[in-house]
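Reviewing the structure listed below.
Protein chains in written order, with my numbering: chain A, 1 to 178; chain B, 179 to 493; chain C, 494 to 914.
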């Protein structure tokens, strides 16, 4: 197992992503950040904090659980639901930035887009991820990327965050058959 | 978990999972997402061999919010009322491709026969069988109690619940005793001796014949319906005497501790087991129980049908 | 046809050869040439088993069983005499019906079929049936029962007990107080409370037994209690016998083995009247059978078609078939546990039932001169019950899939080999 993104690099990536988002949307006023639980939600909180530190104010931030919209529900036992908390500013007419830890096949983001569609009609939807590991199975791309890490299908990328795993670190390891 | 026939089918963790899932579904149903695609393409049949508008509509709403297709099969005017056997009905439903059957039936144990005999391969959900159990009612009751009195806890440890009325014939009482005790609550049954089952002494509950002594000591009081038929079967001398000793009236409502809630599975006999004032009082959560029912039933349907089909159907 | 049965083990354990000719046991030296030799080494012989409680369903319910199919089932189970209960359609409450059943039994030509006459007309519980006519008929009825229903009116029961004394008859009571058991589904206990099924309390059986033994004492009549199922009932019978009351009692094989735990999954194969009860009742019944308080085992063989068992519990019929599994269950529960030996088995399943019902040709000692009614069982063999292979027309056995000891290999009725080769 190897560390590909140590703690300091994670922090820097988050700050850079915050700047990029602000640059794209000309400030924080029209943005709603929605993190995909579990780790995407924590990342969204951190990005929000970074944005607030830069701009002042309180950017709209919340969570969007994708469990009920997954396309692989029939292949495994039903999973417990995680919280969906849409901030007061909502999504209607807003620029929604989805936040997740790892972008891989793209199916989670497809599910998130479906869930978002039930909630309202954003002006635009973009995607921020800490790690893009390639191997897309759907036409999904990330707009804001912490780090591009090319991987083989069998390798395992693990994002550890202090809030969940006690430490900040992204590791890669040889895995089993996918 | 392939079927939900009895509360005994659920471990404590599974029961809590249903409550937690219901919470989340309630929140997203109220707010952001009214309809979820999770059970799209699944067919759920409501097999109601006993009249019940409320429970059937609740299950139907739950199924539709999850995008399932719903077929209603109710007693009146159906082949069931013309004497078609349960077995033939089940095999017909199987031939129609039902993924799940929600069954309410006047015979205790009817859902077990459906599930055991493998006349059909879908999931069987007990919506009330005779005087045996009504698991989804107990789950929505536990959900309601947790929501009002749980103080953020995931279970009901330490909460005191009284169930009052015709325990002998009540499937709601049986399921609630099993579930509330499983979740750590302390349950007291209050009834005249004639309406307590022989063998109730072995249940993990306290028994009392005296409602007034129990009232100040509970956090939730659940009133059960007295069926008119029981009047003729000599379980108590008269409706008047029953109400006097076991009815929830204004004086008793005032004797409840300040934060207690009043519950009733419905339908109510206003004036018999519960007065109109009690039913409409500020502490009554009776109407909310109904809306909680939809979320809880959505959770049940999702957890039973939302994943991979479980082995064990007809071959 | 004559037979030489070699190396038979008698109920008392001794080994001998038996010769059968012209319907009787004869000295081996009297056997004519051309007799068949059958080697019974390792097998136990018993006097032909006698069942005092069989539902043959004919006339009226032939889809479940007929006298012919019931007789076949009986001889496979080792029975040489069975007693056809009266709850047929029409009810066996006249000489005409009992003679019809009697003739059907003769026509089947397997075991002896003795009709039981109803105590009341149409089982109505209110008017006595023509007991005398039935006693004098070709069927020579001596046992009278409304089984299926209780003779609940104490005055009617008193009159019936008195009246049968004229014919040396016995009233066999199905003890069930109807007002305490309306729409009852299973034993009243913790299991019924849990399952939400209406209970059939033990007291509803015991109260009638207590009443009837006192009536029998008062009228100095013979009384027989059908299918005893409770520990309390055993106590009452014991007390009554100690007082010299002429009461006899029977227990079914299923009540020697099964409890109300089996009802847990609502499978109506376990629905029976009187119901399966508690472990403590099973143990008391076994002890009562062992010490003779309970005089006999009777099957209460009750065939039902599959529609009436393949449904929800509350609409299912009550009853289990039992002719083909009875001896095996007795071996399993009483002999293998050491509570009884084969002499006791001979008493409980042949000699005593024949005596109670006055079946003179049955339960006779296995010696020269007796009528040759004989059952041969391989007590070391085991078999797995398969309801589809049974001879009874109905498949409602609770023992499907059970492995049981004891396989009946031969049954001789009145000297004729009616089962086995």
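Glycine residues also receive a C-beta, built at the ideal position from the N, C-alpha and C atoms.
Just so it is clear, the structure is predicted and the values come from calculations on it, not from any experiment.
Query raised in the report: Leaving out five residues before and five after residue 282(B) in sequence, what residues of the same chain have Cβ atoms less than 6 Å from its Cβ?
Result: For the purposes of this step, residue 282(B) is identified with residue 104 of the second chain, where counting begins at 1. Same-chain partners within the cutoff: 226, 228, 230, 305 and 306.
Query raised in the report: Thinking just about the alpha-carbon of each residue, which of 6(A), 5(A) and 91(A) is nearest to the one in residue 33(A)?
Result: Here residue 33(A) corresponds to residue number 33 of the first chain, with the count starting at 1. When only C-alpha atoms are compared, the closest one is 91(A).
Requested in this report: Mind listing the chain C neighbours of residue 309(B)? Cutoff is C-beta to C-beta under 7 Å, in chain order.
Outcome: Numbered from its first residue, the second chain carries residue 309(B) at position 131. The contacting residues are 689.
Query raised in the report: Can you name the residues of chain A whose CB is closer than 8 Å to the CB of residue 199(B)?
Result: The residue you call residue 199(B) lines up with position 21 of the second chain. The answer, in chain order, is 80 and 81.
Report task. Would you check whether the ligand PLP has a heavy atom nearer than 7 Å to the C-beta of residue 320(B)? Result -> Questions concerning the ligand PLP fall outside what the structure shown contains, since it holds no ligand whatsoever.
Requested in this report: Might you give, ordered along the chain, the residues of its own chain that have their beta carbon closer than 6 Å to the beta carbon of residue 172(A), omitting 5 neighbours on each side?
Outcome: Reading the first chain from its first residue, position 172 is the one you call residue 172(A). Only 2, 4, 155 and 157 meet the Cβ criterion.
Requested in this report: Compare the C-beta of residue 754(C) with all C-beta atoms of chain B and state if any pair is closer than 8 Å.
Outcome: As a first step, residue 754(C) is located in the third chain; it is residue number 261 there, counting from the start. No, residue 754(C) lies away from the interface with chain B (no Cβ there is under 8 Å from its Cβ).
Requested in this report: Pull up the distance between the alpha-carbon of residue 820(C) and that of residue 678(C), whole angstroms please.
Outcome: What you label residue 820(C) is simply residue 327 of the third chain in a count that begins at 1. What you label residue 678(C) is simply residue 185 of the third chain in a count that begins at 1. About 28 Å.
Query raised in the report: Distance, Cα to Cα, residue 513(C) vs residue 840(C)?
Result: Position 20 of the third chain holds residue 513(C). Position 347 of the third chain holds residue 840(C). If you take the alpha carbons of residue 513(C) and residue 840(C), they lie about 22 Å apart.
Query raised in the report: Candidates 605(C), 539(C) and 774(C): which alpha carbon is nearest residue 506(C)'s?
Result: Indexing the third chain from 1 puts residue 506(C) at position 13. Looking at the Cα atoms, 539(C) is the closest of the given residues.
**Report entry** Under the three-state DSSP convention, the category residue 895(C) falls into
**Finding:** Position 402 of the third chain, counted from the start, is the residue given in the question as residue 895(C). Reduced to three states, the DSSP call for residue 895(C) is coil.
Query raised in the report: Exposed or buried, residue 6(A), counting other C-beta atoms within 10 Å across all chains shown (16 or more means buried)?
Result: Within the first chain, residue 6(A) is the residue found at index 6, counting from 1. Counting Cβ neighbours within 10 Å, residue 6(A) comes out exposed, since fewer than 16 surround it.
Requested in this report: Let me know the secondary structure DSSP gives residue 462(B) once reduced to three states.
Outcome: Against the second chain, residue 462(B) aligns to sequence position 284. In the structure shown, residue 462(B) sits in a strand (DSSP, three-state: E or B).
Query raised in the report: Roughly how far, in whole angstroms, is the beta-carbon of residue 891(C) from the beta-carbon of residue 811(C), given that I think they are within contact range, below 8 Å?
Result: By 1-based counting over the third chain, the position of residue 891(C) is 398. By 1-based counting over the third chain, the position of residue 811(C) is 318. Not really, about 12 Å apart at Cβ, beyond 8 Å.
Requested in this report: Give a yes or no on whether 8 Å exceeds the smallest Cβ distance from residue 98(A) to chain B.
Outcome: In the first chain, the residue the question calls residue 98(A) occupies position 98. Not one chain B Cβ lies under 8 Å of residue 98(A).
Query raised in the report: Between which two residues does the beta strand (DSSP E) harbouring residue 294(B) extend?
Result: Taking the first residue of the second chain as 1, we reach residue 294(B) at position 116. No beta strand (DSSP E) holds residue 294(B); the alpha helix (DSSP H) holding it covers 288-295.
Query - Sequence-distant residues of its chain with Cβ nearer than 7 Å to residue 207(B) (five each side left out) - result: Counting from one through the second chain, the residue named residue 207(B) turns up at place 29. Answer for residue 207(B): 243 and 473, listed in chain order.
Query raised in the report: Does residue 869(C) have its Cβ less than 8 Å from a Cβ in chain B?
Result: Sequence index remark: in the third chain, residue 869(C) carries index 376 (1-based). Output row for residue 869(C): interface = no.
Query - Span separating the alpha-carbon of residue 776(C) from that of residue 724(C) - result: By 1-based counting over the third chain, the position of residue 776(C) is 283. By 1-based counting over the third chain, the position of residue 724(C) is 231. Residue 776(C) and residue 724(C): Cα-Cα distance of roughly 8 Å.
Report task. List the DSSP bridge partners of residue 770(C). Result -> Position 277 of the third chain, counted from the start, is the residue given in the question as residue 770(C). Looking at the DSSP assignment, residue 770(C) forms a beta bridge with 752(C).
Query - Separation of residue 345(B) from residue 915(C), as counted between CA atoms - result: With chain C covering 494 to 914 only, the question about residue 915(C) has no answer from this structure.
Query raised in the report: With a cut-off of 8 Å, do at least 3 Cβ pairs link the stretch 699-712 of chain C to the stretch 723-741 of chain C?
Result: yes
Query - DSSP state of residue 576(C) mapped onto helix, strand, coil - result: Position 83 of the third chain, counting from 1, holds the residue named residue 576(C). Here residue 576(C) sits in strand by DSSP.
Query raised in the report: Between which two residues does the beta strand (DSSP E) harbouring residue 33(A) extend?
Result: Numbered from its first residue, the first chain carries residue 33(A) at position 33. Segment 31-35, the beta strand (DSSP E) holding residue 33(A).
Report task. Say whether chain B places a C-beta atom closer than 8 Å to the C-beta of residue 543(C). Result -> In the third chain, residue 543(C) corresponds to position 50, counting from 1. Closer than 8 Å: no.
Query raised in the report: Relative to the alpha-carbon of residue 336(B), which residue among 417(B), 395(B), 300(B) and 308(B) has its alpha-carbon at the smallest distance?
Result: The sequence position of residue 336(B) within the second chain is 158, counting from 1. Taking each of 417(B), 395(B), 300(B) and 308(B) in turn and checking the Cα distance to residue 336(B), the smallest one comes out for 395(B).
Query raised in the report: Are there 16 or more other CB atoms within 10 angstroms of the CB of residue 553(C), so buried, or fewer, so exposed?
Result: Here the question's residue 553(C) lines up with position 60 in the third chain. So residue 553(C) ends up on the exposed side.
Requested in this report: Note the first and the last residue of the continuous alpha helix (DSSP H) segment covering residue 315(B).
Outcome: Indexing the second chain from 1 puts residue 315(B) at position 137. First-last of the alpha helix (DSSP H) with residue 315(B): 313-327.
Requested in this report: Whole angstroms is fine: what's the gap from residue 427(B)'s alpha carbon to residue 332(B)'s?
Outcome: As a working mapping, residue 427(B) is identified with position 249 in the second chain. As a working mapping, residue 332(B) is identified with position 154 in the second chain. If you take the alpha carbons of residue 427(B) and residue 332(B), they lie about 32 Å apart.
Query - Three or more C-beta pairs below 8 Å linking the stretch 512-530 of chain C and the stretch 850-870 of chain C - result: yes
Query raised in the report: Shorter than 8 Å from the beta carbon of residue 617(C) to some beta carbon of chain B?
Result: What you label residue 617(C) is simply residue 124 of the third chain in a count that begins at 1. Not one chain B Cβ lies under 8 Å of residue 617(C).
**Report entry** Exposure of residue 69(A), with buried meaning 16 or more beta-carbon neighbours within 10 Å
**Finding:** Along the first chain, one-based indexing puts residue 69(A) at 69. Classification of residue 69(A): buried, given that the 10 Å Cβ count is 16 or more.
**Report entry** Listed by chain order, chain A residues near residue 436(B) by CB distance under 9 Å
**Finding:** Within the second chain, the letter at position 258 stands for residue 436(B). Those do not exist, as residue 436(B) stays about 31 Å from chain A at its closest Cβ, beyond 9 Å.
Report task. Could you tell me if residue 412(B) is buried or exposed, where buried requires 16 or more neighbouring beta carbons within 10 angstroms of its beta carbon? Result -> The residue given as residue 412(B) occupies position 234 in the second chain. Result: exposed.
Query raised in the report: Along the stretch 258-287 of chain B, what residues have a CB closer than 9 Å to any CB found in chain C?
Result: Among the residues of the stretch 258-287 of chain B, those with a Cβ less than 9 Å away from any Cβ of chain C are 263, 264, 265, 283, 284, 285, 286 and 287, in the order of the chain.
Query raised in the report: Would you call the CB atoms of residue 100(A) and residue 109(A) closer than 8 Å?
Result: Here residue 100(A) refers to the residue found at position 100 of the first chain. Here residue 109(A) refers to the residue found at position 109 of the first chain. Yes, the Cβ-Cβ distance between residue 100(A) and residue 109(A) is below 8 Å.
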